[in-house]
Every structure is written in structure tokens, then in C-alpha cells.
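**Student:** Let me give you the structure first, and then I'll get to my questions.
The structure is reproduced here in C-alpha cells:
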């Protein structure tokens, strides 16, 4: 308490910086975002429900959430493995691989979209082999999963890596000295520590995937009811000047993504508390 | 709420312990199988698309490539993209510095809530980010009739593209600076103020040199996203060729016109930008690591 008072008195610029922060935040983010809720409030509840439970809307939501769940799971499993490899082992090319993990963050989604479509289309590098096996890569839900896996790839790796590096070596040494084999010390000692960041990475990857637009629209095929994701449906409604429809669908998506992030924060808090108590 | 962008890995090279490793590692074959799977996964998902962009961009020769990136529509897309970044990045940089100063150096009620709000744009779908500006400035929007009456064009024009880009890249500088400023504590700034420096002088001579790497990286990341944003900008731009197309939108148009080589040529420009961003990140990280090592060595000599 003393420290905080002391801090506030010595350094200048608290009111200026906080004031500007809140002003700019309100102007650029909060006021624009509130428009979404104001516009929705203009709809009657029946109208709102009619829009968000229309078969086409429900199909889009379902597709968005299912493909996002699958791609976030793929990223959780392989991301865990990659983070482990990067944090624990040394091998040639490690620095380049480590830098490359952020590639999906840095690459514009439209660029990723056309590249993935070219690779997985029936005549593409990978798509032609999939086609021989009777699997449709691009222009199918599988294509959506591929695009979402690409854009969500860094999240799990980047949330796990620092935690893996910070684990005190003594914990594992103690486990080994007490007779645990390598698998036991992984399953009983290391994995519980890594579970909260793994869940966080999974949730972030999922939340990102649900809202993704750019990389998906090229590869999806965009057939209403089959390969039309929720963000694309918003776009379609906008192009038809159906602003209320677009807004209603958007509000549900926004609330769901806030809910997901809230659950993730709660899970992290719960796990942290449990570990702390033991 | 961690919005989920890559933070700089501060001090990762410093903390590595020099203990005997045999108690903490897997048997050789297991290790190499894991490394193999990691290579395969990243190879298919990351390297394949990169190679695909470059081969498709150059597959009709350098002349076609040059033609694609120097035609008038491409040039005007490049100009608008640069203008957008030039407006959005400095504004978000000033905000980032102000926000991180308030949040990292002071304690106040509601700080965590403020941090959550700052991260909000990262969890909003790009399409929704564009939609909210249509709801404000569009013909049916809140300010629409007034804007039409006064002949001011915002939606389907560069101002909306710039505003949307600011929204989408909003937290990017702040997120990089806050952890760095927190880690550095208040001691040096307090010393400067106690010794009579003005607030401005303290900032220029003490704070800025300390945060320069993080600031640089935040700006680079913010710029990459500002130049590459597609979904949000697509909603507000109206796709008017030569007027409201940014580079990513230009790529979409070329692609939908079946001009694949040209689309990939323009895409390769943005892929190069992405690679430069990644290289800058590695350089900035090793810059920070070097500085931490120097400080530690310095402190070691002083105490020794």
C-alpha cells in the first residue's frame, strides 16, 4: 500500500497518460463497439430470435464452431509437441523454426487463404493426392479446418514455451531421484503445470478461429448451409443491406467469444488456485 | 484476457541452466521422433504455403511479376496501404506509450479491467470490426444522414479504412510495452525525477532507451497487421478499384478474376513483409537478451 502511494507521488504523468488512454480507448473501441448493441436493441426480441435461429444462420454457427473446435484441438496436440521440442531440445535449424512459428501472425490472412487454396485444390500440390483418395481438400469443411489450423498455430506454442522454460529443473530432478521414470515425471509432475497454459492456448486459438474470415473464404467454397461460416454470413447480409440481420448474427458471435474467453480466464484462475493450495 | 499475440521472449537465452541434463530428457530415439513430427507439422502447415506463394508468383517469369506489381491498380493499392499504415501505426504507438506508462508504472483501481478492455479488439472477428463502422458511418448508420447532408464521405472511402485499421491493430504496441515497462520497475525514473529532471527529459533519457526494443517490435507488428488486414477493411472499403483497394483487397480481386499469377505476385510482397517482421522479431529479441546479459555482468562486477 505504501509502495503504491509512493509510486503515484514521485513519477509524473499519471493523470495525463491514464486520461488519454481512456479517451482514446472510448473513442476508437468502446463507442464503436457499443453501436452493435444499440442497433440490436432496436430489434424486437422476436425479430432477433427469428434471425439468429434461421436454419441458414444455425448451420453457419454450427460450421464455425465445429471447424474451430477441431482445428484448435489439432493445434493443442501438435502445438504441445512443438513447444516441447523447441523448449527442451537443441537441433540444427532450431532458431529458424522458432522464428517461423509466428509466420501465421505476420502473414496477411488473404495471402494465407490463396496459398492454402492453391495447395489443397484438386490440382494442387497436396490436393491432387487427396483427390486420388477421394478426399476433397479445398472447397469443403476440411479446407476450412486446414485454414483455421494454419492461423491458430502459434497460440498454443507461444503460451506454452515460456512456462516450459521457467519450470524449475529441480522439480524433475527430484521426481527422478525419488524413483519416477521419465513418463511418470511427465504425466504427474510436468503435465499438471502445463495444463493451464495449454488450455489458454487452446481457447485463444479457438476464439481466433471462430472469427476468422480472410483465410477461410478462399478455401471454403462458401455454399450456404454447407460451407458458409458465420463471419461470411454477416458479410453476405451486409452486401444485401440487411444491417439488422448482420448485427444480430454478430452480437451472438461476439457474446460467445467473450464467454469463451471468460471461461478460459476462470479455468486458469481455478487451476492456479488448486496448484497453489497443494 | 490474453489476446494472443506473440510477446517478445525477454531473457529466454539468459535463464537457461547449465545443469546435467540426463535427468530431464527423453531417450534419444523418442527425442528424434518428436523433433521429426514437429518438423513435419510445421513443414506442411508453414513452409509449404510460403514456397507455394513464391513459386506461383514467379512461375511466368520476372517480367510478368514486375508487370503485376507495377500496374496502376496495384500501385494505387500500395499507396493506400502505405497511407493507412502511416496513419494507424503512429496513433496506436502514442496510445501504446500512454497506456503502458499508466498501467505499468502506477497502481490504480480497475487496472485489470482496463487491460481487458484494451485487448478487446483482438477477440472481435474482423468482419464485426468492419461492421461497427458501417453502423456508425454507413448510409443507414447513426451519423449517416448527417454525413450525406454535409457531403462527407467516410464509408467506402479511405477514412473508414484507416479507422477500421486503427481498431484492429489497437492494442498491438501497448501489449508489447506493458510487460517490458513492468519488468523494469520505477527505480531509474524515480532517480531521474529526484535529481531534478523534467518529465519530458526523464522520458527521453531514461524511459525511451529502456523500452526502445519493445517499442520497435510493437511498431513492426502493428505495421504488419495494418498493411495486411483483410476482413475488416473488406467490409468498409466498397472495393472501388484504384480508389479504395488496399493490397490484400487487390489480391482478392485479382484472384477472383482468375489472374492467379498476378494475385500471387502481389501476395508475395506481403509475404516478404511477413518475413521481414519475423526477422526483426528475432533481432529485437537477441538485442534484449544482450542488454540483459550486459546489465547482469555489470551488476556482477559492481557487487564483486
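Protein chains in written order, with our numbering: chain S, 375 to 652; chain D, 8 to 311.
From the three backbone atoms N, C-alpha and C, an ideal C-beta is built for every residue, glycine too.
1) Considering Cα atoms alone, identify which of S:640, S:388, S:634 and S:637 is closest to residue 111 (chain D).
2) Over what stretch of residues does the alpha helix (DSSP H) that includes residue 454 (chain S) continue unbroken?
3) Quick one: which residues of the region 193 to 211 of chain D get their C-beta closer than 7 angstroms to a C-beta of chain S? List them in chain order.
4) Below 8 angstroms CB to CB, which residues in the same chain sit around residue 225 (chain D) once its five sequence neighbours on both sides are set aside?
5) Any contact of the region 602 to 622 of chain S with the region 539 to 550 of chain S, i.e. 3+ C-beta pairs under 8 angstroms?
6) In chain S, which residues lie less than 7 angstroms from residue 167 (chain D) when you measure between Cβ atoms?
7) Hey, could you find the ends of the alpha helix (DSSP H) residue 507 (chain S) is sitting in?
8) So, does the CB of residue 378 (chain S) fall closer than 7 angstroms to a CB anywhere in chain D?
9) Could you name the residues of chain S that residue 226 (chain D) contacts, counting a contact when the two beta carbons are closer than 9 angstroms?
10) Are the C-beta of residue 134 (chain D) and some C-beta of chain S separated by less than 7 angstroms?
11) Out of S:512, S:574 and S:528, which one is the CA nearest neighbour of residue 479 (chain S)?
12) Does residue 566 (chain S) get closer than 7 angstroms to chain D when you measure Cβ to Cβ?
13) Could you check if residue 114 (chain D) is buried or exposed, using at least 16 other CB atoms within 10 Å of its CB as the buried criterion?
14) What three-state label does DSSP hand residue 74 (chain D) in the structure shown?
15) Relative to the C-alpha of residue 232 (chain D), which candidate in D:129, D:58 and D:123 has its C-alpha closest?
16) Within 10 angstroms of the Cβ of residue 465 (chain S), are there 16 or more other Cβ atoms? Answer buried if so, exposed if not.
17) Rounding to the nearest angstrom, what Cα-Cα distance links residue 52 (chain D) and residue 92 (chain D) in this structure?
18) Closer than 9 angstroms between beta carbons: that is the criterion. Which residues of the region 128 to 161 of chain D meet it against chain S?
19) So residue 197 (chain D) is in the alpha helix (DSSP H); what residue range does that whole segment cover?
20) What does residue 124 (chain D) reach in chain S if we use C-beta pairs closer than 8 angstroms?
21) Closest to residue 59 (chain D) by CA distance: which of S:386, S:433, S:627 and S:485 is it?
22) If we define contact as Cβ-Cβ less than 7 angstroms, is residue 631 (chain S) a contact residue for chain D?
23) From S:625, S:475, S:609 and S:531, pick the residue whose C-alpha is nearest to that of residue 447 (chain S); which is it?
24) Residues of chain D with CB under 8 angstroms from residue 458 (chain S), in chain order?
25) Report the three-state DSSP secondary structure of residue 581 (chain S) (helix, strand or coil).
26) Can you pull the chain S residues whose beta carbon is under 7 angstroms from the beta carbon of residue 183 (chain D), in chain order?
27) Does any residue of chain S bring its CB to less than 7 angstroms from the CB of residue 313 (chain D)?
28) Just to confirm before moving on: does the CB-CB distance between residue 227 (chain D) and residue 287 (chain D) stay below 7 angstroms?
29) Under three-state DSSP, which class holds residue 39 (chain D)?
30) For residue 599 (chain S), which of S:397, S:589, S:413 and S:428 has the nearest alpha-carbon?
31) Determine, using beta carbons only, whether residue 553 (chain S) comes closer than 7 angstroms to chain D.
32) Check whether chain S comes within 7 angstroms of residue 88 (chain D), counting only Cβ atoms and requiring the distance to be less than that.
33) Any residues in the region 238 to 263 of chain D with a beta carbon nearer than 7 angstroms to a beta carbon of chain S? Which ones, in chain order?
34) Is the number of C-beta pairs between the region 407 to 419 of chain S and the region 140 to 149 of chain D that are closer than 8 angstroms three or more?
35) Assess contact between the region 159 to 166 of chain D and the region 245 to 262 of chain D, defined as three or more Cβ pairs (one per stretch) separated by less than 8 angstroms. Is contact present?
36) Does the distance from the CB of residue 175 (chain D) to the CB of residue 196 (chain D) come in under 7 angstroms?
**Tutor:** In this structure, then:
1) S:388
2) Counting along the chain, the alpha helix (DSSP H) containing residue 454 (chain S) begins and ends at 429 to 462.
3) 193, 196, 197, 200 and 206
4) 100, 103, 179, 180, 181, 182, 183 and 184
5) no
6) Those within 7 angstroms of residue 167 (chain D) in chain S number zero; the least Cβ separation is about 11 angstroms.
7) Counting along the chain, residue 507 (chain S) falls outside any alpha helix (DSSP H), and DSSP gives it neither H nor E.
8) Low confidence applies here, because residue 378 (chain S) scores a pLDDT of 47, under 50, leaving its location unreliable and the question unanswered by this model.
9) In chain order: nothing, as chain S lies at least about 14 angstroms away.
10) At least one CB atom of chain S sits nearer than 7 angstroms to the CB of residue 134 (chain D).
11) S:528
12) no
13) exposed
14) helix
15) D:129
16) exposed
17) 28 angstroms
18) 128, 129, 130, 131, 132, 133, 134, 135, 136, 137, 138, 139, 140, 141, 142, 143, 145, 146, 147, 148 and 149
19) 194 to 201 is the span of the alpha helix (DSSP H), which, as asked, contains residue 197 (chain D).
20) 399, 403 and 404, listed in chain order.
21) Comparing Cα positions, the closest option is S:485.
22) yes
23) S:531
24) 41
25) helix
26) None at all; the shortest Cβ gap to chain S is about 13 angstroms.
27) Not covered by the structure: residue 313 (chain D). The range shown for chain D is 8 to 311.
28) Cβ distance < 7 angstroms, so residue 227 (chain D) and residue 287 (chain D) count as in contact.
29) Here residue 39 (chain D) carries a helix assignment [DSSP, helix/strand/coil].
30) S:428
31) no
32) Chain S contact via Cβ: absent.
33) 238, 242, 255, 258, 259 and 262
34) yes
35) yes
36) no
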